[in-house]
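All remarks here apply to the structure that follows.
Numbering (the UniProt record's numbering), first residue to last: 1 to 352.
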């Protein structure tokens, strides 16, 4: 086994986890918080731009962040960003000009030759050979890589191996699948509550104790604890996540999980049961609505993609449990007709 390199003996860390620094984006400096720091030959920092969405979180090199009091480094970072942008533009223009020149030469019947790169200016390392299918004489072309390019390639491979490369936000947004029976329930429920073509119906609440969100989560957790047996680490992880799920449900229900038609019913329930949380009054129907919202909600959480994916994997297990027991927890017969004077306009706040 390879002995890990101790960062302290190689390079002093510029900033610590939790520090607020300035990071460059599009030639401008923005406040960012350091969420993680890792040493892979050089220091890498996983940062969250303040007030930005989680999808903009990324890993950056140490030379691309500056402390607020380090004005000299701030100026260097901005200038370096500007220079890189100009160089990129110049390269594109040069390639375009070379292409146009070559095409013009072909049209006029003039053969244009390009000089090979001087081996005195860069140290070249041959990497691989591949067939040149476009060559009329069947020659093989050699892909050449400079020592610097080889170093960058190896570093990128190392970063991927150490999970230091930020995944695209879209890669996990759709990783919380809702089974068809549960989707069908959501559609049927929308028709019952918000359709203008039929009398409005509302779910009969409060739910029986054994059918409340709190008891559903507790039943799922009991099954997981039995399955995990003595794996205390995993048991603790599930317990913490399920506790957080119940707390989040209590906070989310009045703001994003109700149809407009359900608002008066919610107010009446709170007034009648002032000591009870929503998770003690509502059941699987509204918990399912939270799962529909969950990927979008998690996209705003400042966590690395690997941790987000772990959360989504555990939540998927809850959804599977809910789907398996849907006959016990979900029944459209529990939606009762609303008296005319209690009905409100059919516009729905919650959407699926």
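Using N, Cα and C, we set each Cβ at its ideal position, and we do this for glycine too.
Practice problem: Just the C-alpha distance for residue 214 and residue 263, rounded to the nearest angstrom, thanks. | Solution: 21 Å
Self-check item: residue 29: first and last residue of the uninterrupted beta strand (DSSP E) it sits in
Solution: 28–39
Self-check item: Residue span of the alpha helix (DSSP H) that contains residue 318, given as start and end
Solution: 305–324
Practice problem: State whether the region 203–217 contacts the region 299–316, with contact taken as three or more CB pairs (one from each stretch) at a distance under 8 Å. | Solution: no
Quiz item: The beta strand (DSSP E) spanning residue 23 covers which residue range?
Solution: 20–25
Practice problem: Measure the Cβ-Cβ separation of residue 316 and residue 177 and say whether it is below 9 Å. | Solution: yes
Self-check item: DSSP beta-bridge partners of residue 60
Solution: 45
Quiz item: Using DSSP with H/G/I as helix, E/B as strand and the rest coil, what is residue 260?
Solution: helix
Self-check item: Same chain, Cβ closer than 7 Å to residue 61, five either side skipped, listed in chain order
Solution: 42 and 44
Self-check item: Euclidean distance between Cα positions of residue 292 and residue 256
Solution: 11 Å
Quiz item: Does DSSP put residue 252 in a helix, in a strand, or in coil?
Solution: helix
Practice problem: Pick out whichever of 330, 81, 197 and 278 has its Cα sitting closest to the Cα of residue 258. | Solution: 278
Quiz item: How big is the Cα-Cα spacing for residue 200 and residue 302?
Solution: 40 Å
Practice problem: Would you list the residues sitting across from residue 337 in a DSSP beta bridge? | Solution: 201
Practice problem: Compare the C-alpha of residue 202 against each of 282, 232, 228 and 150 and name the closest. | Solution: 282
Quiz prompt | Extent of the continuous alpha helix (DSSP H) run through residue 295 | solution = 284–298
Quiz prompt | DSSP state of residue 191 mapped onto helix, strand, coil | solution = helix
Quiz item: Between residue 94 and residue 181, what straight-line distance do the alpha-carbon atoms span, to the nearest angstrom?
Solution: 58 Å
Quiz item: Grouping DSSP H, G and I as helix and E and B as strand, with all else coil, what is residue 65?
Solution: strand
Quiz item: Per DSSP, what kind of secondary structure is residue 275 in: helix, strand or coil?
Solution: coil
Self-check item: Classification of residue 28 by the beta-carbon crowding that lies within 10 angstroms, buried from 16 upward
Solution: exposed
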